[in-house]
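Notes for the one structure printed next.
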Amino acid sequence: MKLRALAHATSTTIITITALTIIAELYSPLKDTLTKIGSHHWVGKGIVATVVFVVTAVVLNRVLQQGITEQKSLYGTIGTTVLCALSLLIFFSIEFYSS
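Numbering (my numbering), first residue to last: 360 to 458.
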């Protein structure tokens, strides 16, 4: 498995989890759907994240060509992690202080 494919799959999964978290907090039917997937919405999110990671990694491992170096892919994953963490921090801060 190419490290670049894994790095991109990780970034995609992080973005997916962040989006699911924010949207599920604002739209309760999504949280209910995640609960139906797993016994708790956290478990459902974990199952979705696992599927997204595996599918993305397998597809990208087959289609990625030369171009982006492994180092840039890893830096991209770090950047994605930081931006998504900040997004969640800002979102939950706004939610906390607005209620």
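Beta carbons are placed, not taken as given, at the ideal position from N, Cα and C, and that holds for glycine.
These figures come from a predicted structure and were not determined experimentally.
As assigned by DSSP and simplified to three states, the class of residue i
i, result
"residue 428", "coil"
"residue 458", "coil"
"residue 386", "coil"
"residue 361", "coil"
"residue 423", "coil"
Opening and closing residue of the alpha helix (DSSP H) in which residue i lies
i, result
"residue 345", "Limits of the chain in this structure are 360 at one end and 458 at the other, which puts residue 345 out of reach."
For residue j and residue i, the rounded distance between their alpha carbons
i, j, result
"residue 339", "residue 363", "Past the boundaries of the shown model lies residue 339; the chain is included only from 360 to 458, so the question cannot be answered."
"residue 378", "residue 424", "28 Å"
"residue 372", "residue 437", "13 Å"
"residue 360", "residue 430", "16 Å"
"residue 409", "residue 392", "16 Å"
"residue 384", "residue 442", "19 Å"
Heavy atom of the ligand FMN within 7 Å of residue i beta-carbon
i, result
"residue 446", "In terms of ligand content, the structure shown is empty, and the ligand FMN therefore cannot be addressed."
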